[in-house]
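Asks:
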């Protein structure tokens, strides 16, 4: 009497095959989703930074206007102070009172301030627009120099 | 030996899982591409806005001797616009200036006008928003311009991007 042949193990996938497939697939999926979300984060940050740069440039333009309009002495008199420009509309000669910003109130998201300091015979102004992104503070800065001689 | 393939149930489960995973993957990639296009448009918008504001600032600084909205009104063709800023030229006392009409920003002089923002036939159409648009003569030597440029996407899939510019024009005298 012939013995029955043992059932072949070729009839389905083995456990090992399934495990290998699932692990390769999940590694690929996790890598894909990870890089996609990282790229999304960088893109959103880039967008915020573009707006922040615009705000900084706007203030830099206004400060050089002040230097021409009110004269160098007005800027010089403000040396050693920080000024907060969280108001989104800019006025002809409406300087805020000295002091650093207290919150991110420019457009409810940004904080824009200028630090005026002496640098040799020149006036160095550091304009910084910062914002909070993922609980860290990011910023876009511009440094401009004014000198006492007329241009 | 009994050779069996997949049962109907197994195929249904596979298709269901693939059907769940694929839309999620496509959704992620789709929104990523959208974000990328929007950020790219914002960058190009800033390029355009920076170019135009620098152009106005530098031209006015170099060529204007006074703000002359009333004196120059009859000398240039403004196309019925009510938002304009006109200047008198330093060298030949002709008139030139800028005006906004129909969401477009024009540079104008006594010869004719030229579109600065809002040309339709470019590959990147943008326009001037009516929100916060002002061109103000404060006195003979001081003027203020503020404008917002926005992209005009052809599909509702992209949100319009906008960027605001405001600056004072001061003429030394």
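Protein chains in written order, with my numbering: chain A, 258 to 408; chain B, 99 to 271.
Idealized CB from N, CA, C, for every residue including glycine.
Please report the Cβ distance between residue 357(A) and residue 336(A), rounded to the nearest whole angstrom; I am assuming they are in contact, meaning their Cβ atoms lie under 8 Å.
Replies: Here residue 357(A) refers to the residue found at position 100 when the first chain is read from its first residue. Here residue 336(A) refers to the residue found at position 79 when the first chain is read from its first residue. At roughly 16 Å, the Cβ-Cβ gap does not stay under 8 Å, so residue 357(A) and residue 336(A) are not in contact.
Asks: Are the beta-carbon atoms of residue 188(B) and residue 163(B) separated by less than 7 Å?
Replies: Sequence index remark: in the second chain, residue 188(B) carries index 90 (1-based). Sequence index remark: in the second chain, residue 163(B) carries index 65 (1-based). Their beta carbons are under 7 Å apart, which means residue 188(B) touches residue 163(B) by this criterion.
Asks: Which residue marks the beginning of the beta strand (DSSP E) containing residue 205(B), and which one marks its end?
Replies: Residue numbering aside, residue 205(B) sits at position 107 when the second chain is read from its first letter. Taken as a continuous stretch (DSSP letters only), the beta strand (DSSP E) holding residue 205(B) covers 202-207.
Asks: Since residue 403(A) and residue 332(A) should fall inside the 8 Å C-beta cutoff, what is the C-beta to C-beta distance between them, to a whole number of angstroms?
Replies: Position 146 of the first chain, counting from 1, holds the residue named residue 403(A). Position 75 of the first chain, counting from 1, holds the residue named residue 332(A). With 8 Å as the limit, residue 403(A) and residue 332(A) qualify as a contact, their Cβ atoms being about 6 Å apart.
Asks: What are the residues of the stretch 137-165 of chain B that lie near chain A, defined by any Cβ-Cβ distance shorter than 7 Å?
Replies: The residues in question are 137, 140, 141, 144.
Asks: Comparing C-alpha positions only, which one of 339(A), 360(A), 305(A) sits nearest to residue 353(A)?
Replies: Position 96 of the first chain, counting from 1, holds the residue named residue 353(A). Among 339(A), 360(A), 305(A), the Cα nearest to that of residue 353(A) belongs to 339(A).
Asks: Are residue 196(B) and residue 176(B) closer than 7 Å when you measure CB to CB?
Replies: If you number the second chain from 1, residue 196(B) lands on position 98. If you number the second chain from 1, residue 176(B) lands on position 78. No; because the gap between Cβ atoms is not below 7 Å, this pair is not in contact.
Asks: Among 242(B), 222(B), 223(B), 238(B), which one has its Cα closest to the Cα of residue 230(B)?
Replies: Taking the second chain and counting its residues from 1, one reaches residue 230(B) at position 132. Out of 242(B), 222(B), 223(B), 238(B), 242(B) has the C-alpha closest to the C-alpha of residue 230(B).
Asks: Spell out whether any CB of chain A is found under 7 Å from the CB atom of residue 265(B).
Replies: Sequence index remark: in the second chain, residue 265(B) carries index 167 (1-based). Closer than 7 Å: yes.
Asks: Please say whether residue 226(B) and residue 201(B) have beta carbons closer to each other than 7 Å?
Replies: Working through the second chain from its first residue, we reach residue 201(B) at position 103. Working through the second chain from its first residue, we reach residue 226(B) at position 128. Yes, the pair counts as a contact, with Cβ atoms nearer than the cut-off.
Asks: What is the DSSP secondary structure of residue 241(B), reduced to helix, strand or coil?
Replies: Taking the first residue of the second chain as position 1, residue 241(B) is located at position 143. Strand.
Asks: Short of 9 Å Cβ to Cβ, which residues in the stretch 270-301 of chain A face chain B?
Replies: The residues in question are 286, 289, 290, 293, 294, 296, 297, 300, 301.
Asks: Determine the DSSP secondary structure at residue 195(B), reduced to helix, strand or coil.
Replies: Counting from 1 along the second chain, the entry for residue 195(B) is found at position 97. Here residue 195(B) sits in strand by DSSP.
Asks: Do you know how far the Cα of residue 324(A) is from the Cα of residue 266(B)?
Replies: Here the question's residue 266(B) lines up with position 168 in the second chain. Here the question's residue 324(A) lines up with position 67 in the first chain. Their Cα atoms are separated by approximately 12 Å.
Asks: Helix, strand or coil: how does DSSP classify residue 307(A) here?
Replies: By 1-based counting over the first chain, the position of residue 307(A) is 50. Three-state DSSP puts residue 307(A) in a helix.
Asks: Going by DSSP, name the residue or residues bridged to residue 340(A).
Replies: Start at 1 with the first residue of the first chain, and residue 340(A) comes out as number 83. Answer is 355(A), 371(A), bridged to residue 340(A).
Asks: Who pairs with residue 415(A) in a beta bridge, going by DSSP?
Replies: Limits of chain A in this structure are 258 at one end and 408 at the other, which puts residue 415(A) out of reach.
Asks: Would residue 130(B) pass as an interface residue toward chain E - the criterion being a Cβ-Cβ separation below 7 Å?
Replies: Considering every chain present, this structure includes no chain E. Its protein chains are A and B.
Asks: Can you list, in chain order, the residues of the stretch 188-205 of chain B whose Cβ is nearer than 8 Å to any Cβ on chain A?
Replies: Flagged: no residues at all.
Asks: Under three-state DSSP, which class holds residue 323(A)?
Replies: As a working mapping, residue 323(A) is identified with position 66 in the first chain. Of the three classes helix, strand and coil, the one that applies to residue 323(A) here is helix, per DSSP.
Asks: Give the residues of chain B in contact with residue 227(A), contact being defined as C-beta atoms less than 7 Å apart.
Replies: Residue numbering for chain A in the displayed model covers 258 to 408; residue 227(A) lies beyond these limits and cannot be assessed.
Asks: Bridge partners for residue 162(B) per DSSP, in chain order?
Replies: Position 64 of the second chain, counted from the start, is the residue given in the question as residue 162(B). Its beta-bridge partners are 187(B).
Asks: In chain A, what lies closer than 8 Å to residue 127(B) by C-beta?
Replies: By 1-based counting over the second chain, the position of residue 127(B) is 29. Residues of chain A passing the Cβ test: 293.
Asks: Could you have a look at residue 229(B) and say whether DSSP puts it in helix, strand or coil?
Replies: Here the question's residue 229(B) lines up with position 131 in the second chain. DSSP places residue 229(B) in strand when its eight states are reduced to three.
Asks: Roughly how many angstroms lie between the CA atoms of residue 273(A) and residue 282(A), to the nearest whole one?
Replies: Residue 273(A) sits at position 16 when you count from the first residue of the first chain. Residue 282(A) sits at position 25 when you count from the first residue of the first chain. Between residue 273(A) and residue 282(A), the C-alpha separation is close to 14 Å.
Asks: Along the beta strand (DSSP E) that carries residue 266(B), what are the first and last residues, could you check?
Replies: Indexing the second chain from 1 puts residue 266(B) at position 168. Where residue 266(B) is concerned, the enclosing beta strand (DSSP E) stretches over 260-268.
Asks: Taking 8 Å as the threshold, find out whether the stretch 235-252 of chain B comes into contact with the stretch 129-148 of chain B through three or more Cβ pairs.
Replies: Short answer: they touch.
Asks: Check distances from the C-beta atoms of the stretch 228-240 of chain B to those of chain A and list, in chain order, the residues that come in under 8 Å.
Replies: Listed by position along the chain: 236, 240.
Asks: For residue 296(A), which of helix, strand or coil comes out of DSSP?
Replies: Stepping through the first chain from its first residue, residue 296(A) is reached at position 39. Residue 296(A): helix per DSSP, three-state reduction.
Asks: Check whether the Cβ of residue 125(B) sits closer than 6 Å to any heavy atom of the ligand HEM, and report yes or no.
Replies: Questions concerning the ligand HEM fall outside what the structure shown contains, since it holds no ligand whatsoever.
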